[in-house]
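Numbering that gives the first Met the number 0 numbers the first residue of the sequence shown as 0 and each following residue consecutively. By construction, the Cβ of each residue, glycine as well, lies at the ideal position given by its N, Cα and C atoms. What follows is a short report on a single structure.
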Amino acid sequence: MFAVLLLGLVAEQAPTPEQVFEKRIGPIFKSPDPSSCVQCHLAAVDLKNYIRPSSRETFLSLRDQGLIDLDTPEKSRILALIEMGKAEKGAALIHQKNRTAEYEAFAAWVKACCADKDLRAAPKLKADELAKPPRPVAVIRHARKDQLLESFTNSVWAMRFRCMSCHTEGSAENKKLAAEYGDRVAWFKAAGPEATLKYLMESKLIDTNAPEKSLLLRKPLNDAKHEGGVKFLVGDEGYKAYRRFVEDYAKIVGDKYETAADLPPKQTARAFGTDIWLKVTNTPPAWADKLVQVKVFAWDATKKAWEAEPVASTDRKVWGQGKLFQHSLTLFAAPGSARAKAWTVKPELPNGRYLVRAYLDDGKLAKDWNTELGAADFVGEAEVTSAWPAGYGKMTVVDGAKVKQP
Ligand code: HEC
Ligand code: HEC
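Encoded structure:
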């Protein structure tokens, strides 16, 4: 009889919010390991950011930020944030154990808090008492892995044709080189940009402490001896794309972005690498052994004018003796446009009229890699009609003798 009474009493007394907090949230707060958020957020936010030393302050802080649903605690946004990675495959599994522990701890504690009349009705905290991520939303967004993958796809991945097939996993050329130099040469992964980014992030090719010294940049410059020879010049399109990527990546993982104003400018175009080659023969003497950039403009039949933005471009050092310029094109499309959608499947240019404009670098790119060639560097233009077939053996040719100089 007495025993039954006692049991009933214990069962009625659910653990207090403080008890749940102490036992289950405390260990998460004190753990040196990152939370499951790192599956998608490289920096700028962590579950620990929302926790304060006491149960009461933590709850009020979450409540005041709209992260608690007092009447349906299981629908609280803090739980949704923890569960964000649940639906994903692959990387999600690594973090699943962590996430389940976090979820169960928070769910039990939020429920206990919401059942506490005094806590629910407690006055608001002051703004400086709230526990939240130290970085603004814009920085949290920028530091997401899916955002990084997008910028990688638009930069390093889009420029992969500049490395021909030497580094493309599984190509005939790559297999030959891998047999001689090892699997490290197969860093453009056959599975695509996501697998390549993951490989590079885990490799020693990016130096996050001194991004400009990354082997990913120094090898193609042949600044660190490169069997593939010189593939970049400081400031050319390939170098810029790679350098911007590694600089940004280093700042993200180093948590160096504090405000939205620190972030790099948003990419205004999606870039698509191709094996479509443009060749200029009989290049003018002034171009000899200089870096020349060509921009290709499509004809807009409705407006009866050349499009304002280039649809493609490329750049390379002119071979002076041979009076020859040739390189593969990168195509550009506005994000979300019909072209961007089509080119995600297969980047190609329709048969038609195009204007090819040339810009000559007289040494300014070596002084400032991040600068662009513009109107002041313009050295001539020519019209060309082409169906732009892909392949080294099927180049679209412009006769340099027909280039109209400004
Ligand atoms: C599976 C990937 C994934 C995981 C894991 C993840 N997030 Fe997110 N997070 C996102 C995405 C995508 C967004 C933007 C879309 C959205 O708000 O739903 C986002 C947005 C956010 C935002 C809002 C910023 C904004 O863009 O408005 C915060 C804060 C946030 N997450 C915190 C967290 C915390 C804390 C964790 C860990 C407990 C976490 N996230 C785990 C993918 C994830
Ligand atoms: C003609 C073939 C060829 C081309 C083209 C080429 N490479 Fe290489 N690259 C090699 C070979 C072979 C090695 C291995 C020997 C060495 O380290 O130089 C290598 C090594 C590298 C490495 C070091 C890999 C590691 O893990 O040690 C990087 C980084 C690299 N190349 C970047 C590039 C980039 C970027 C491009 C294009 C812009 C490029 N390469 C174009 C042949 C090539």
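Secondary structure of residue i, DSSP reduced to three states
i    : result
E380 : strand
Y256 : coil
W318 : strand
W108 : helix
F231 : coil
S327 : strand
I67  : coil
H94  : helix
I275 : strand
D299 : strand
T57  : helix
L148 : helix
Q40  : The sequence given here places His at residue 40; Gln does not occur at that position. Looking at H40 - three-state DSSP - the assignment turns out to be strand.
D398 : strand
R134 : coil
V19  : helix
K403 : strand
K123 : coil
L129 : coil
K85  : coil
W156 : coil
R143 : strand
T267 : coil
S35  : helix
V310 : coil
M0   : In this predicted model, M0 has a pLDDT of only 46, less than 50, meaning its place in the structure is not dependable; the value taken from the coordinates is given anyway. Note: M0 maps to coil in three-state DSSP.
K29  : helix
T280 : strand
A100 : helix
K294 : strand
A249 : helix
A332 : strand
A13  : coil
Contact test: residue i Cβ vs ligand 1 heavy atom, cutoff 6 Å
i    : result
Q146 : no
V136 : yes
I81  : yes
V44  : yes
C165 : no
Q38  : yes
Cβ-heavy atom distance, residue i to ligand 4, below 6 Å
i   : result
G84 : Ligands present in the displayed structure are limited to ligand 1 and ligand 2, and ligand 4 is not among them.
Close-in-space but distant-in-sequence residues of the same chain around residue i (CB under 6 Å, 5 per side omitted)
i    : result
M0   : The predicted model places M0 with a pLDDT of 46, which falls under 50 and marks its position as unreliable; any figure quoted below should be read in that light. Here the set comprises nothing.
A439 : Because the chain is modelled from 0 through 405, residue 439 falls outside the range shown and cannot be assessed.
V109 : P72 and S75
R134 : A43
A137 : A259
Residue i CB to nearest heavy atom of ligand 2 below 6 Å
i    : result
G379 : no
H141 : no
V184 : yes
P405 : no
P219 : yes
L204 : yes
C113 : no
H225 : yes
Y180 : yes
R161 : yes
L214 : yes
K230 : yes
Contacts around residue i, its chain only, beta-carbon distance under 7 Å, and the 5 residues preceding and following it disregarded
i    : result
Q266 : S150 and N153
S170 : S164
Q95  : none
G390 : D274
E17  : S54
M394 : W276, L277, K278 and Q325
Q64  : L129 and K131
P14  : A111
K421 : A question about residue 421 goes unanswered here, because the residues of the chain that appear run from 0 up to 405.
Neighbourhood of residue i by C-beta, 8 Å cutoff - its chain only, sequence neighbours within 5 removed
i    : result
W186 : H166, E168, T195, Y198, L199, S202 and L204
A157 : A240, A270, F271, G272 and T329
K403 : G379, E380 and A381
Y180 : E226
A121 : R55 and L59
Task: Meets three-Cβ-pair contact criterion under 8 Å: the segment 373-387 and the segment 350-365 - done: yes
- [ ] For the segment 251-263 and the segment 362-381, state whether three or more C-beta atom pairs, one from each stretch, are separated by less than 8 Å.
- [x] no
Open item on the list: Report the start-end ranges of each beta strand (DSSP E) in the segment 337-393 that is 3 residues or longer and not cut off at the edges.
Closed with: Runs of the beta strand (DSSP E) inside the segment 337-393: 351-360 and 377-385.
Task: At least 3 beta-carbon pairs within less than 8 Å: the segment 91-111 vs the segment 16-35 - done: yes
TODO: Taking 8 Å as the threshold, find out whether the segment 241-258 comes into contact with the segment 191-210 through three or more Cβ pairs.
DONE: Three or more beta-carbon pairs drawn from the segment 241-258 and the segment 191-210 are found closer than 8 Å, and the two stretches are therefore classed as touching.
- [ ] Flag this pair as touching only if the segment 293-303 and the segment 266-276 have three or more C-beta atom pairs under 8 Å; answer yes or no.
- [x] Fewer than three pairs of CB atoms, one per stretch, sit closer than 8 Å, so the segment 293-303 makes no contact with the segment 266-276.
- [ ] Please specify which runs of the alpha helix (DSSP H), each continuous and at least 4 residues long, are wholly inside the segment 173-222, giving them in chain order.
- [x] 192-201 and 214-220
Task: the segment 134-146 in contact with the segment 218-238 per 3-pair CB rule at 8 Å - done: Here the segment 134-146 makes no contact with the segment 218-238; the two share fewer than three CB pairs at distances below 8 Å.
Task: the segment 281-293 / the segment 359-366 touching (three or more Cβ pairs under 8 Å) - done: Contact holds: three or more Cβ-Cβ distances are below 8 Å.
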